[in-house]
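Novice:
Structure below.
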């Protein structure tokens, strides 16, 4: 019988907590430790921190990453920040501890065009230590890139790839509703966009992955972030958006050819009160083909799923920086034996 | 600069011809030969046999497989029969010639449960000769298995997997309309089902792939083939189906647990005059999620696409018998350089 996979949860925010709970469900995984700098979480039991009904788990949350990494894990599940620059040292420490990494860091999903130096550094470190890492989740990692490329398998020729994701943020957690600017005036919204405070991270990375994989000659990647203005009052459990206020984001990333032709178009509408949430992919070429997920894939649930399902896959992958594109599909049944 | 991929087309029926034409479009592929026993095709130019507008191609169709295999190809695209037993010798000869294989043989797509001895023999031979082979296409190979497993990546737990493929056979070629029994009386249809003449091959293979990959405890795989009876007269370019006659097949494969619970349900409705053709996948679990391809993926176009898109992937795969599940997604742009 094989041993259980020894996993460390790095970052115990809302996503990290849902990942930890999902890992706890998998017979083949043993969570051996967690890392979080927040004094409200550090030195406590992970099960208690995530509010698990079967707490305590006997799993410690360390404030010092190295103490956790010294436990000799097989894989680190990393969920601390969207910014690759900010998490470089965290990732390098995990690689040096010879741990594979599955990270929710959006900018890690496909950094080869956007941050090639950091990508090269991680790839070299991973190969040096004989481990593999991947940045993934539902978006980037699935809806607007991997699923687009999967559908492309039935295409003979592709001229343009589009994805539209409409998310109703009403049912989502407060930090997410705030992150998309719900309840701000349009002016405040634009100010916060300029300050970099309102932004879904990862669309340019998905554009790059799609363009490179489909061999579409994208030379420039542009991105716009506009408010989705409420046409009527919307009240959620946490906040109220008045008519005329921002209800959320309407963000579009475009991959353009040298002469400005739109080859890749990835559009995210995430706002409270969204009608008909869904994920839709449209490929123009031979043949034209589209695909819809009615209701859309639920952001937090889907991200935790994709991340945990990627664990056996990254453990099997060749050393280096991998992407959701390169990896075979993964599904990790709760009852899968170690 | 890398060399072009040297490919041989084995079998030049309708599917083989459309694969050959698609390969001809790809800059990175050089078709070096073809194989077909049909005296109407053998010893002729492949471009002329497939009716290409740019014929002749200077590519010979051999009646003797070994003569073609002696040309030292990298990959054989094999499209001769749905029956694995019938094509074993063909496949073994290709492996012995150290060619990778992408085959449309439906029973090869996932033979580990249905024909384990043949699967083991092919796997051993492929490993002995250091090459890889895969059976794939649109169904099996994509709609009812790979796409199901791809969608499963956003699931935390799956209780049941369903796929429904509705194909309007009106626009398809005559051999396909005949193969599905269009225009037969219901009695004739049942007689031909009993004789094994009417059957879409590959559903049990897809059930097995889905069950094994999702770790669903399927013990028995059953299959039913019923006529889809025309509720009104339908005329196609080739034939007419009167009201009350069979318009095509309604075929269901089920993966059942020990106690008879339906864990996998794959349903194919392929008939002339089908309304609302589409491919739909439904996963029950946490969360429930579904996906639809409106119009459905076109059988012949999609099969040729999937097969040709699998060529670079199989050349990169470890030696042995592979499945569409194990392989990363492939898309092979016409302009991709060798």
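Residue numbers (this note's numbering), protein chains in the order written: chain R, 3 to 340; chain S, 3 to 340.
Heads up, the beta-carbon is just placed ideally off N, CA and C, and yes, glycines get one too.
Computed from a predicted model, the values in this text were never measured in an experiment.
Does residue 159(R) have its Cβ less than 8 Å from a Cβ in chain S?
Specialist: By this cut-off, residue 159(R) is an interface position.
Novice: Would you mind telling me which residues of chain R sit closer than 9 Å to residue 295(S), beta carbon to beta carbon, in chain order?
Specialist: The answer, in chain order, is 153, 156, 291, 292, 293, 294.
Novice: Is residue 164(S) helix, strand or coil when you go by DSSP?
Specialist: Of the three classes helix, strand and coil, the one that applies to residue 164(S) here is strand, per DSSP.
Novice: Can you name the start and end residues of the alpha helix (DSSP H) that residue 270(S) belongs to?
Specialist: That residue, residue 270(S), is in no alpha helix (DSSP H); its beta strand (DSSP E) goes 264-273.
Novice: Curious, which full-length alpha helix (DSSP H) runs of at least 4 residues does the region 204-288 of chain R contain?
Specialist: Segments of the alpha helix (DSSP H) lying fully in the region 204-288 of chain R: 205-216.
Novice: Beta carbon of residue 9(R), beta carbon of residue 34(R): below 8 Å?
Specialist: Taking 8 Å as the Cβ cut-off, residue 9(R) and residue 34(R) qualify as a contacting pair.
Novice: For residue 279(R), would you say it is in contact with chain S, using Cβ-to-Cβ distances shorter than 8 Å as the test?
Specialist: No, residue 279(R) does not count as interfacial toward chain S.
Novice: Taking buried to mean at least 16 other C-beta atoms within 10 Å of its own C-beta, is residue 314(S) buried or exposed?
Specialist: With 16 or more Cβ atoms within 10 Å of its Cβ, residue 314(S) is classed as buried.
Novice: Grab the span of the beta strand (DSSP E) containing residue 105(R) for me, first residue to last.
Specialist: Element bounds for residue 105(R): 102-105.
Novice: Exposed or buried, what is residue 60(S) when buried is set at 16 or more other beta-carbons lying within 10 Å of its beta-carbon?
Specialist: By the 10 Å Cβ count, residue 60(S) comes out exposed.
Novice: Applying the criterion that 16 or more other CB atoms from any shown protein chain within 10 Å of the CB defines a buried residue, is residue 45(S) buried or exposed?
Specialist: Its Cβ having fewer than 16 others within 10 Å, residue 45(S) is exposed.
Novice: Name the chain R residues that come within less than 9 Å of residue 327(S), Cβ to Cβ?
Specialist: Under the 9 Å cutoff, chain R gives 330, 331.
Novice: Using alpha carbons as the reference points, say which of 285(S), 271(S), 287(S), 219(S) lies closest to residue 260(S).
Specialist: Residue 260(S) has its Cα closest to that of 219(S), out of 285(S), 271(S), 287(S), 219(S).
Novice: Is the Cβ-Cβ distance between residue 326(R) and residue 144(R) less than 8 Å?
Specialist: A contact, by the Cβ cut-off of 8 Å.
Novice: Leaving out the 5 sequence neighbours to the left and right, which residues in its chain are closer than 8 Å to residue 72(R) when beta-carbon positions are compared?
Specialist: So the list reads 99, once near-sequence residues are dropped.
Novice: Starting from residue 313(S), find everything on chain R with Cβ-Cβ shorter than 8 Å and list it in chain order.
Specialist: Those within 8 Å of residue 313(S) in chain R number zero; the least Cβ separation is about 12 Å.
Novice: For residue 141(R), count neighbouring Cβ atoms within 10 angstroms of its own Cβ and tell me buried if that reaches 16, exposed if not.
Specialist: Answer is buried; the Cβ neighbour count reaches 16.
Novice: Classify residue 311(R): buried if its beta carbon has 16 or more other beta carbons within 10 angstroms, exposed otherwise.
Specialist: Residue 311(R) comes out buried.
Novice: Take residue 306(S) as the anchor and find which of 5(S), 247(S), 117(S), 14(S) has the nearest alpha-carbon.
Specialist: Comparing Cα positions, the closest option is 14(S).
Novice: Between the C-alpha atoms of residue 255(S) and residue 262(S), what's the straight-line distance to the nearest angstrom?
Specialist: Rounded to whole angstroms, residue 255(S) to residue 262(S) spans 13 Å at the Cα level.
Novice: Which of the three DSSP states, helix, strand or coil, is assigned to residue 333(R)?
Specialist: Three-state DSSP puts residue 333(R) in coil, outside helix and strand.
Novice: Between the beta-carbon of residue 236(S) and the beta-carbon of residue 157(S), is there less than 8 Å?
Specialist: No. Outside cutoff.
Novice: Look at the Cβ atom of residue 81(S), then the Cβ atom of residue 116(S), and state whether they are nearer than 8 Å.
Specialist: It is not a contact, given that the beta carbons lie outside the stated cut-off.
Novice: Buried or exposed for residue 76(R), please, with buried defined as at least 16 other CB atoms from any protein chain shown within 10 angstroms of its CB.
Specialist: Buried: at least 16 other Cβ atoms inside 10 Å.
Novice: List the whole-angstrom C-beta distance separating residue 272(R) from residue 297(R), where the pair is believed to meet the contact cut-off of C-beta under 8 Å.
Specialist: Actually they are not in contact, since the Cβ atoms of residue 272(R) and residue 297(R) sit about 14 Å apart, beyond 8 Å.
Novice: When you compare the CB positions of residue 332(S) and residue 170(S), do they come within less than 8 Å of one another, or not?
Specialist: Not in contact: residue 332(S) and residue 170(S) (Cβ atoms no closer than 8 Å).
Novice: If you measure between the beta carbons of residue 154(R) and residue 308(S), is that distance less than 8 Å?
Specialist: No. Outside cutoff.
Novice: Starting from residue 14(S) and walking both ways along the beta strand (DSSP E), at which residues does that stretch end?
Specialist: From DSSP, residue 14(S) is part of no beta strand (DSSP E); its letter is neither H nor E.
Novice: Is there a C-beta anywhere in chain S that falls below 8 Å from the one on residue 335(R)?
Specialist: Yes, because at least one Cβ of chain S sits closer than 8 Å to the Cβ of residue 335(R).
Novice: What's the call for residue 185(S), buried or exposed, on a 16-neighbour Cβ count within 10 Å?
Specialist: Flag for residue 185(S) reads buried.
Novice: Is the separation between the beta-carbon of residue 17(S) and that of residue 70(S) shorter than 8 Å?
Specialist: Contact flag unset, no.
Novice: Please classify residue 116(S): does DSSP put it in a helix, a strand, or coil?
Specialist: Coil, per DSSP.
Novice: Compute the beta-carbon to beta-carbon distance between residue 104(R) and residue 79(R), rounded to the nearest angstrom, for a pair I have assumed lies under 8 Å.
Specialist: That belief holds up - the Cβ atoms of residue 104(R) and residue 79(R) are roughly 5 Å apart, short of 8 Å.
Novice: For a test of the three-state rule: what should DSSP assign to residue 177(S), helix, strand or coil?
Specialist: It is helical.
Novice: Note the first and the last residue of the continuous beta strand (DSSP E) segment covering residue 35(S).
Specialist: Taken as a continuous stretch (DSSP letters only), the beta strand (DSSP E) holding residue 35(S) covers 31-37.
Novice: Closer than 7 Å, Cβ to Cβ, to anything on chain S: give me those residues from the region 130-145 of chain R, in chain order.
Specialist: Taking 7 Å as the Cβ-Cβ cut-off against chain S, the residues of the region 130-145 of chain R that qualify are 140, 144.
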